[in-house]
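Beneath this line is the structure, given in structure tokens, with notes to follow.
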Amino acid sequence: MKGFLPPRLPVARRPRVLRPGGKLVRWVLVAFLATVTLPAGAQQWQFEPTVSLGVDYDDNITLDPEDPRSSFGTSARVAVRGVQSTESTRLGLLAGLGLRQFSDGGDLDDVTAFLGVDGTYLAPRSQFQLNLSVSTQSTLTSETETTGVGDPNGQQYRVAIRPAWDYRLDERSSFGVSANVSAVFYEDVEDASLSDYRSGELSLSAAHSLTERAGINAVLSYGYYESQGDDNETENLAFQAGANYQLSETVSFALLFGLRRTEATFPGVGAREVTETSTGPIYSLSIEKRFARGGGVSLSALRDLAPSGAAEVLDTTSLQLGYRYPLSERVNLQFSSRAYRNRQTGGQSSASDRTYADGQLGLSYQVRRSWRLAIDYRHRWQKNDEDPASAQSNAVTLSLAWSGR
Numbered sequence: 001m002k003g004f005l006p007p008r009l010p011v012a013r014r015p016r017v018l019r020p021g022g023k024l025v026r027w028v029l030v031a032f033l034a035t036v037t038l039p040a041g042a043q044q045w046q047f048e049p050t051v052s053l054g055v056d057y058d059d060n061i062t063l064d065p066e067d068p069r070s071s072f073g074t075s076a077r078v079a080v081r082g083v084q085s086t087e088s089t090r091l092g093l094l095a096g097l098g099l100r101q102f103s104d105g106g107d108l109d110d111v112t113a114f115l116g117v118d119g120t121y122l123a124p125r126s127q128f129q130l131n132l133s134v135s136t137q138s139t140l141t142s143e144t145e146t147t148g149v150g151d152p153n154g155q156q157y158r159v160a161i162r163p164a165w166d167y168r169l170d171e172r173s174s175f176g177v178s179a180n181v182s183a184v185f186y187e188d189v190e191d192a193s194l195s196d197y198r199s200g201e202l203s204l205s206a207a208h209s210l211t212e213r214a215g216i217n218a219v220l221s222y223g224y225y226e227s228q229g230d231d232n233e234t235e236n237l238a239f240q241a242g243a244n245y246q247l248s249e250t251v252s253f254a255l256l257f258g259l260r261r262t263e264a265t266f267p268g269v270g271a272r273e274v275t276e277t278s279t280g281p282i283y284s285l286s287i288e289k290r291f292a293r294g295g296g297v298s299l300s301a302l303r304d305l306a307p308s309g310a311a312e313v314l315d316t317t318s319l320q321l322g323y324r325y326p327l328s329e330r331v332n333l334q335f336s337s338r339a340y341r342n343r344q345t346g347g348q349s350s351a352s353d354r355t356y357a358d359g360q361l362g363l364s365y366q367v368r369r370s371w372r373l374a375i376d377y378r379h380r381w382q383k384n385d386e387d388p389a390s391a392q393s394n395a396v397t398l399s400l401a402w403s404g405r
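Note that full-length UniProt numbering numbers the sequence shown so that position 93 is 93, with each residue one more than the last.
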């Protein structure tokens, strides 16, 4: 399985930190412009550019329980999505660049960038897919789903490859093979709080439709994780089975439940190598409902292993809620919420054990066909098990977005 992993990069050749005015920022800008302009001569390409400008205030940007830092900030984001389709192929391009600056404390300013391509090929019974992506963001936001480490000076880089193949046996049955390989690098993190790592997962899946509304499926997966800084390795084998059901024309339900077996290897006392084996449940649940006048509500629950920059894989339980309702033809009400519970796979306590939750409530107004004005309020809360104090953050954002549809 190690063949699915990208080659190890020497530490001395890690990517340079991405900062405003740096060489990598100019490189990202060149790549972004090339993505926009190179295919523009082909009439079969369809592009949708978006631009967003915003101002915000956050009373605890770093989500620190002891020393909160508050500041006003400004942000600018530009993105473009391109699609080219034929009867049997589809090619998609996505590029984005975001800049954020704060009035108090230049060390909090950050850059986010993304460049991705995905392709699909349809055969009489098969579907082949390939997704490639390169992204970078500040470690203030990159570790939200895992350790919650918020280093204002650090930068995360991620390279990911996701191939997949689905084959239809007949009108009701199909099986598939997919892989997810990624390499994550960190730069300028304090006290080596985050370590570079590589991870890979190979999955075999099968699905069968019982009726027009009901179906069953199963997934067998193998995962591998390697921390490059601490020589920690983790292998995981999991099996899940479940069902999906269309309760009505507007309500759908899906459930997968199974067990995992995880083996973690790490350096012990002296040169001795320690191996720990653990088992536990994994599951995914999703419920969606669409409203007749538009919008809808979705709820999902997931428990799985999440690779992290803490030199270990974390047993992570997550909940997500999304709600969107059109108050009128131009005004939309939106609410979203996330919650994460992270713990060690073997059940032992560690510095990575923590609970995080956030919620965002917003109103958007469609000024014109291509212009949208929005105001949002977001609350964040985080509690590390080893810290008696919890951290909270309140933020308000006003933004104006343009979409070239």
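Ideal Cβ positions, reconstructed from N, Cα and C, are used throughout, including at glycine. All figures in this text were calculated on a predicted structure; none of them were measured in a lab.
Where the alpha helix (DSSP H) containing residue i begins and where it ends
{"i": "residue 248", "result": "No alpha helix (DSSP H) contains residue 248, which DSSP labels as neither H nor E."}
Beta carbon of residue i nearer than 8 Å to that of residue j
{"i": "residue 219", "j": "residue 169", "result": "no"}
{"i": "residue 120", "j": "residue 129", "result": "yes"}
{"i": "residue 421", "j": "residue 92", "result": "Since the first and last residues shown for the chain are 1 and 405, residue 421 lies out of range."}
{"i": "residue 358", "j": "residue 385", "result": "no"}
{"i": "residue 376", "j": "residue 361", "result": "yes"}
{"i": "residue 160", "j": "residue 138", "result": "no"}
{"i": "residue 64", "j": "residue 395", "result": "no"}
{"i": "residue 230", "j": "residue 284", "result": "no"}
{"i": "residue 368", "j": "residue 48", "result": "no"}
{"i": "residue 174", "j": "residue 123", "result": "no"}
{"i": "residue 54", "j": "residue 71", "result": "no"}
Run of the beta strand (DSSP E) containing residue i, from where it starts to where it stops
{"i": "residue 141", "result": "Note, residue 141: premise wrong, no beta strand (DSSP E); alpha helix (DSSP H) at 139 to 142."}
{"i": "residue 201", "result": "197 to 209"}
{"i": "residue 217", "result": "214 to 227"}
{"i": "residue 48", "result": "45 to 58"}
{"i": "residue 366", "result": "354 to 366"}
{"i": "residue 311", "result": "Run containing residue 311: none; DSSP gives neither H nor E here."}
{"i": "residue 372", "result": "371 to 384"}
{"i": "residue 328", "result": "Residue 328 -> no beta strand (DSSP E), and no H or E assigned at all."}
{"i": "residue 397", "result": "390 to 403"}
Under the three-state DSSP convention, the category residue i falls into
{"i": "residue 190", "result": "helix"}
{"i": "residue 107", "result": "helix"}
{"i": "residue 153", "result": "coil"}
{"i": "residue 293", "result": "coil"}
{"i": "residue 164", "result": "strand"}
{"i": "residue 477", "result": "Because residue 477 is not part of the residues shown, which for the chain are 1 to 405, the question remains open."}
{"i": "residue 171", "result": "coil"}
{"i": "residue 268", "result": "coil"}
{"i": "residue 66", "result": "coil"}
{"i": "residue 23", "result": "Low per-residue confidence applies at residue 23: pLDDT is 44, beneath 50, and the placement is therefore not dependable enough to give any value."}
{"i": "residue 118", "result": "strand"}
{"i": "residue 316", "result": "strand"}
{"i": "residue 90", "result": "strand"}
{"i": "residue 176", "result": "strand"}
{"i": "residue 75", "result": "strand"}
{"i": "residue 41", "result": "Note that residue 41 has pLDDT 46, beneath the 50 cutoff, so the model's placement of it is unreliable and the number below is only indicative. Helix."}
{"i": "residue 343", "result": "strand"}
{"i": "residue 387", "result": "coil"}
{"i": "residue 324", "result": "strand"}
Option in the options with minimal Cα separation from residue i
{"i": "residue 151", "options": "110, 360, 378, 292", "result": "110"}
{"i": "residue 180", "options": "194, 217, 223, 172", "result": "223"}
{"i": "residue 263", "options": "244, 294, 314", "result": "314"}
{"i": "residue 188", "options": "302, 153, 405", "result": "153"}
{"i": "residue 286", "options": "77, 295, 300", "result": "300"}
{"i": "residue 166", "options": "193, 205, 186, 182", "result": "205"}
{"i": "residue 249", "options": "214, 194, 283, 280", "result": "214"}
{"i": "residue 143", "options": "341, 373, 236", "result": "341"}
{"i": "residue 198", "options": "185, 364, 360", "result": "185"}
{"i": "residue 172", "options": "183, 216, 136, 200", "result": "216"}
{"i": "residue 382", "options": "365, 268, 134, 338", "result": "338"}
{"i": "residue 45", "options": "94, 225, 373, 66", "result": "94"}
{"i": "residue 58", "options": "102, 234, 115", "result": "102"}
{"i": "residue 331", "options": "393, 241, 366", "result": "366"}
{"i": "residue 351", "options": "319, 310, 67", "result": "310"}
Distance between residue j and residue i (C-alpha atoms, nearest Å)
{"i": "residue 232", "j": "residue 387", "result": "25 Å"}
{"i": "residue 73", "j": "residue 378", "result": "15 Å"}
{"i": "residue 406", "j": "residue 99", "result": "Since the first residue shown for the chain is 1 and the last is 405, residue 406 is missing from the structure and cannot be characterised."}
{"i": "residue 80", "j": "residue 371", "result": "16 Å"}
{"i": "residue 155", "j": "residue 348", "result": "29 Å"}
{"i": "residue 317", "j": "residue 303", "result": "4 Å"}
{"i": "residue 56", "j": "residue 398", "result": "6 Å"}
{"i": "residue 403", "j": "residue 226", "result": "41 Å"}
{"i": "residue 244", "j": "residue 327", "result": "31 Å"}
{"i": "residue 69", "j": "residue 50", "result": "31 Å"}
{"i": "residue 201", "j": "residue 333", "result": "38 Å"}
{"i": "residue 242", "j": "residue 282", "result": "12 Å"}
{"i": "residue 24", "j": "residue 134", "result": "Bear in mind that a pLDDT of 47 at residue 24, under 50, signals an unreliable position, so the number given afterwards is only what the model happens to contain. Approximately 13 Å, taken between the alpha carbons."}
{"i": "residue 261", "j": "residue 145", "result": "22 Å"}
{"i": "residue 265", "j": "residue 259", "result": "20 Å"}
{"i": "residue 78", "j": "residue 115", "result": "12 Å"}
Closer than 7 Å: residue i CB and nearest the ligand NAP heavy atom
{"i": "residue 65", "result": "The ligand NAP is not part of this structure, which contains no ligands at all."}
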